[in-house]
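In this text, residue positions in the sequence shown follow the working numbering: the first is 3, and each later residue adds one. Ideal placement from N, C-alpha and C gives every residue a C-beta, glycine not left out. Please read all numbers here as calculations on a predicted model, not as lab measurements. These notes are about the structure you will find just below.
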Amino acid sequence: MWNKPVFLLDHETTRATSSLVANTNLTLEETIRVWRGQTPASPTPNKALNSKCFEWLLHGYDHLDQLISTATHGWVQHEFRVAGIPYNRPVPNHKSASVMRNALIRSIRKGQRDGTYLVVSKAVAEYWKLHYSPFGCVEKADADPDIEARVIHDLSSPAGSSTNAWSDQDDIPKLVYELVDVIARRIIELKIANPSLLIKLMKGDVNSAYKNLHVHEAVSAYFAGTIHDEDVVVIDLALPFGWTSSAAHYGVFGKAISFLVRHESPNSLNPSDPDAALFFCYDWVDDHGLVEHDTGNRLAACDSALQLAMVA
3 MWNKPVFLLD HETTRATSSL VANTNLTLEE TIRVWRGQTP ASPTPNKALN
53 SKCFEWLLHG YDHLDQLIST ATHGWVQHEF RVAGIPYNRP VPNHKSASVM
103 RNALIRSIRK GQRDGTYLVV SKAVAEYWKL HYSPFGCVEK ADADPDIEAR
153 VIHDLSSPAG SSTNAWSDQD DIPKLVYELV DVIARRIIEL KIANPSLLIK
203 LMKGDVNSAY KNLHVHEAVS AYFAGTIHDE DVVVIDLALP FGWTSSAAHY
253 GVFGKAISFL VRHESPNSLN PSDPDAALFF CYDWVDDHGL VEHDTGNRLA
303 ACDSALQLAM VA
């Protein structure tokens, strides 16, 4: 017997948005700006993203200019290697989207609430030139796939004529990541420094990391999908999980978090603490690994440094 929550789209909002577009003939770009609350006085979609302090806070960070540009505009821009928008008809989703349909709807409903998904009727979506790609779902560790799954927008489909195929690789930030063996070297380094102390590792990540970065209204036209049995079209307004550029664009911000942590110590957070050794922080896109001696207040201070960096 099914005794789990059943998730539904926000149909009232979908109808209201669709009616607005139908009655006023809004373009896709105009509709997105209305949906995200963008105005001439406040043009950025993510009102919490404030670039004013980044120049001094992240002084010396390799990707500072890129980060400030994205934060100032409030969105990611991208040039595609194709003239115009090669629009197509809505395409079938992958089987996994049907198997984990409840989790898919849950994710889209959350995106409606957070402003990262625009959902309109198929009839209204016909007004716009959109490129459609299938949705799929992948199970998450320690999560019930009937309730929660990782939603993938398969922007590599169809092969050769996809959003990813048309994405300009030269327009994607160039990031260099350290190999994971740097964590092993850190453990060895700490063991040699003090063999008697316990070494602990902590992993932290940014919740729904990609959804913190919106894309320009024109870019969203390449991120359309559909829920056929609901007769709606879903348009990604933030970095989609499945776009070849998403990891690099978010990584500019993820690396900034690690940059901040590496410049902190228990002493910098609390001048009365004599421990001035800087923290270690490994990063891989939105994941951050901390490896420290379990001594004094070091572990708690390192955890605080990571949390502060994430909200800086």
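### Task
Locate the alpha helix (DSSP H) running through Ala-127, then write down its first and last residues.
Position 125 of the sequence shown, counted from the start, is the residue given in the question as residue 127. That run of the alpha helix (DSSP H) goes 124–127.
### Query
What is the residue span of the beta strand (DSSP E) that Gly-256 lies within?
Within the sequence shown, numbered from 1, the residue matching residue 256 stands at position 254. It is not in any beta strand (DSSP E) - Gly-256 instead sits in the alpha helix (DSSP H) that spans 248–263.
### Query
Contact check, Asn-90 vs His-133 under 8 Å by CB: the rounded distance?
To locate residue 90, count along the sequence shown from 1; it is residue 88. To locate residue 133, count along the sequence shown from 1; it is residue 131. Rounded, the Cβ-Cβ distance is 6 Å, consistent with contact.
### Task
Using a threshold of 9 Å, state whether the C-beta atoms of Gly-215 and Ile-34 are closer than that.
Taking the first residue of the sequence shown as position 1, residue 215 is located at position 213. Taking the first residue of the sequence shown as position 1, residue 34 is located at position 32. In the sequence on display, residue 215 carries Leu and not Gly. Cβ atoms of Leu-215 and Ile-34: not closer than 9 Å.
### Query
Span of the beta strand (DSSP E) holding Lys-205?
Working through the sequence shown from its first residue, we reach residue 205 at position 203. Segment 201–207, the beta strand (DSSP E) holding Lys-205.
### Query
Quick one: is Leu-10 buried, meaning 16 or more other Cβ sit within 10 Å of its Cβ, or exposed?
What you label residue 10 is simply residue 8 of the sequence shown in a count that begins at 1. Leu-10 comes out exposed.
#### Entry: DSSP state of Leu-292 mapped onto helix, strand, coil
Position 290 of the sequence shown, counted from the start, is the residue given in the question as residue 292. Note: Leu-292 maps to strand in three-state DSSP.
### Message
Determine whether the beta carbon atoms of Ser-71 and Ser-169 lie at a separation below 9 Å.
### Response
Looking up residue 71 in the sequence shown gives position 69. Looking up residue 169 in the sequence shown gives position 167. Not closer than 9 Å, so no.
### Query
Quick one: what's got a C-beta closer than 8 Å to His-290's C-beta in the same chain, skipping five residues either side?
Locating residue 290 in the sequence shown gives position 288, where the first residue counts as 1. So the list reads Lys-205, Gly-206, Asp-207, Gly-256, Ile-259, Ser-260, Val-263, Cys-283, Tyr-284, Leu-308, once near-sequence residues are dropped.
### Query
What are the partner residues of His-155, as DSSP defines its beta bridges?
Taking the sequence shown and counting its residues from 1, one reaches residue 155 at position 153. Looking at the DSSP assignment, His-155 forms a beta bridge with Phe-137.
### Task
Compute the distance between the beta-carbons of Lys-124 and Val-36, then report whether it is under 9 Å.
Taking the sequence shown and counting its residues from 1, one reaches residue 124 at position 122. Taking the sequence shown and counting its residues from 1, one reaches residue 36 at position 34. The answer is no: Cβ separation not under 9 Å.
### Message
Between which residues of its own chain and Glu-266 is the CB-CB distance below 6 Å, once the five residues before and five after are set aside?
### Response
On the sequence shown, position 264 is the one that residue 266 refers to. Contacts found: Phe-281, Ala-307.
### Query
Can you give the Cα-Cα distance for His-400 and Glu-141, rounded to whole angstroms?
Summary: the structure shown does not reach residue 400, with the chain confined to residues 3 through 314, and so no result is reported for it.
### Message
So, for Glu-232: in the same chain, excluding its five sequence neighbours on each side, which residues have a beta-carbon less than 7 Å away from its beta-carbon?
### Response
As a first step, residue 232 is located in the sequence shown; it is residue number 230 there, counting from the start. These residues qualify, in order along the chain: Leu-11.
### Task
For Gln-171, I'd like the list of residues in its chain whose CB is within less than 7 Å of its CB, leaving aside the five on either flank, ordered along the chain.
Working through the sequence shown from its first residue, we reach residue 171 at position 169. Cβ neighbours of Gln-171 beyond the five flanking positions: none.
### Task
Starting from Trp-286, trace the beta strand (DSSP E) both ways and give me its first and last residue.
Translated into positions along the sequence shown, residue 286 becomes position 284. Start and end: 284–286.
### Query
How long is the line joining the alpha carbons of Val-220 and Ser-44, rounded to whole angstroms?
For the purposes of this step, residue 220 is taken as residue 218 along the sequence shown, with counting starting at 1. For the purposes of this step, residue 44 is taken as residue 42 along the sequence shown, with counting starting at 1. Reading off the sequence, residue 220 comes out as Ala, not Val. Roughly 18 Å between the two C-alpha positions.
### Task
Work out the CA separation of Gly-86 and Lys-131 for me, nearest whole Å.
Here residue 131 refers to the residue found at position 129 of the sequence shown. Here residue 86 refers to the residue found at position 84 of the sequence shown. Between the alpha carbons of Lys-131 and Gly-86 lies a distance of about 9 Å.
### Cβ distance (whole Å) where Asp-148 is taken to contact Ala-105 below 8 Å
In the sequence shown, the residue the question calls residue 148 occupies position 146. In the sequence shown, the residue the question calls residue 105 occupies position 103. Yes, Asp-148 and Ala-105 are in contact; Cβ-Cβ is about 7 Å, under 8 Å.
### Query
Under 9 Å, do Phe-225 and Thr-165 count as touching if we go by C-beta distance?
Translated into the one-based positions of the sequence shown, residue 225 becomes position 223. Translated into the one-based positions of the sequence shown, residue 165 becomes position 163. It is a contact, given that the beta carbons lie within the stated cut-off.
### Query
Near Ala-278, which residues of its chain fall below 8 Å by C-beta distance, leaving aside the five closest residues on each side in sequence?
Locating residue 278 in the sequence shown gives position 276, counting from the first residue. Here the set comprises Ser-267, Pro-268, Asn-269, Ser-270.
### Query
Along the chain, where does the beta strand (DSSP E) that runs through Asp-173 open and close?
Here residue 173 refers to the residue found at position 171 when the sequence shown is read from its first residue. First-last for Asp-173: undefined, no H or E at that position.
### Message
Tell me which residue opens and which closes the alpha helix (DSSP H) that Ala-303 is part of.
### Response
As a first step, residue 303 is located in the sequence shown; it is residue number 301 there, counting from the start. That run of the alpha helix (DSSP H) goes 300–312.
### Task
Kindly list the residues whose CB is nearer than 6 Å to the CB of Gly-138, restricted to its own chain and excluding five residues on each side of it in sequence; keep chain order.
Walking along the sequence shown from the start, residue 138 turns up at place 136. If we look at Gly-138 and ignore the five residues flanking it on each side, its Cβ neighbours are His-96, Ser-98, Ala-99, Ile-154, Asp-156.
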